[in-house]
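Q:
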Amino acid sequence: MPKLEPYRKDLPYSYALGIFPAMHLLETRPEAATRLLLHPDGLKSEGVTKLRERCHELGIREEEAERVLRRESKKDNCYAALVFEKYEDALPAQENAAVFCQISDSGNLGTALRALLGFGIRSVALVRPCVDRFDPHVVRASMGAIFHLNTATYDTFDDFRRANPTHALYPFMLDGAIPLSQAAAAKKSPYAMVFGNEQTGLPAEFSTYGQSVYIPQTKEVDSFNLAVAASVAAYAFTQ
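With the working numbering, letter number 47 in the sequence shown gets 66, and the count goes up by one each step, no holes.
1) Give the straight-line distance between the Cα atoms of Arg147 and Val240, rounded to the nearest whole angstrom.
2) To the nearest angstrom, report how far apart Pro49 and Gly163 are at their CA atoms.
3) By alpha-carbon positions, which one of Ser92, Pro25, Ala109 and Met42 ends up nearest to Arg73?
4) Is it the case that the Cβ atoms of Ser125 and His156 are separated by a distance below 8 Å?
5) Look up Ile197 in the DSSP assignment and give the residues it is bridged to.
6) If the criterion is Cβ atoms closer than 8 Å, does the pair Leu246 and Asn127 meet it?
7) Measuring alpha carbon to alpha carbon, tell me which of Tyr106, Ala144, Leu221 and His58 ends up nearest Arg86.
8) According to DSSP, is Glu82 helix, strand or coil?
9) Extract the residue ranges of the beta strand (DSSP E) inside the stretch 68-115, only unbroken runs of 3 or more that lie entirely within it.
10) Please report how far the alpha carbon of Tyr104 lies from the alpha carbon of Ala196, in whole angstroms.
11) Comparing C-alpha positions only, which one of Glu83, Val150 and Glu107 sits nearest to Ala100?
12) Please classify Gln121 as buried or exposed, where buried requires at least 16 other C-beta atoms within 10 Å of its C-beta.
13) Grouping DSSP H, G and I as helix and E and B as strand, with all else coil, what is Val251?
14) How far does the beta strand (DSSP E) with Arg54 in it reach, from first residue to last?
15) May I have the straight-line CA-CA distance separating Lys238 from Leu145, to the nearest angstrom?
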């Protein structure tokens, strides 16, 4: 088998680090999994045993790879991981979606993906420049939720709009025109909730796209963390 390289964006594969992300991968996209990596200290773990049994059923090769696990997770207690081939998704035309424009933090994206799945939003678009959705730290932060979602990356927001012309747009902005409760009550489907970069938010021009929305907050807080904002918005829009 070829040597496993330190993760970088241009590799054709990535790592699902940890038992739960790996199990979600096998549950949803078993055809993408290629190699099971094991830490010798975790071989007696119940979770690792279940993972090994499922991989055996699927014909996925297993190997001890303590050094690779430590290198990719930057931890000593990551006992299993799956190597998987990267894949491309198309966003279903009639499914509601979340769009992240220039999101830069892997933890924010992973946390947001997990929350979106929890609220039933299963289509997620990223607009470049942005964090790599297959970065192992995104996968780990999502706890494997990413494998249940349809995800796609676009060069520009206009590219997203051209590919998804039926979606009603709801850009979330600090100076949005209407509060979240009003937008959620009058939403049109399929919709796309649009969020900006962690530092700068969405450019002013987005106020002209669809219906801009703000999340009410106290004056003591200047803004919400991006993952928190996406979670609050998704909850309101899916009630």
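Beta carbons are placed, not taken as given, at the ideal position from N, Cα and C, and that holds for glycine.
A: This is what the structure gives:
1) If you take the alpha carbons of Arg147 and Val240, they lie about 28 Å apart.
2) Distance from the CA atom of Pro49 to the CA atom of Gly163, rounded to whole angstroms, is 13 Å.
3) Among Ser92, Pro25, Ala109 and Met42, the Cα nearest to that of Arg73 belongs to Met42.
4) The criterion of a C-beta distance shorter than 8 Å is satisfied by Ser125 and His156.
5) Residue pairing by DSSP puts Ile197 in a beta bridge opposite Val232.
6) The question names Leu, but residue 246 is Ala in the sequence shown. For the pair Ala246 and Asn127, the CB atoms are nearer than the 8 Å cut-off.
7) Of Tyr106, Ala144, Leu221 and His58, the smallest CA-CA separation from Arg86 is found for His58.
8) The answer is strand: DSSP assigns Glu82 an E or B state.
9) Qualifying beta strand (DSSP E) stretches, in chain order: 80-83 and 99-104.
10) One detail in the question is off: residue 104 reads as Glu in this sequence, not Tyr. Cα to Cα, the separation comes out at about 42 Å.
11) Among Glu83, Val150 and Glu107, the Cα nearest to that of Ala100 belongs to Glu83.
12) Buried is the label assigned to Gln121, since at least 16 other Cβ atoms lie within 10 Å of its Cβ.
13) Helix, per DSSP.
14) Following the DSSP letters along the chain, one finds Arg54 inside the beta strand (DSSP E) bounded by residues Ala52 to Leu57.
15) Each residue's alpha carbon lies about 30 Å from the other.
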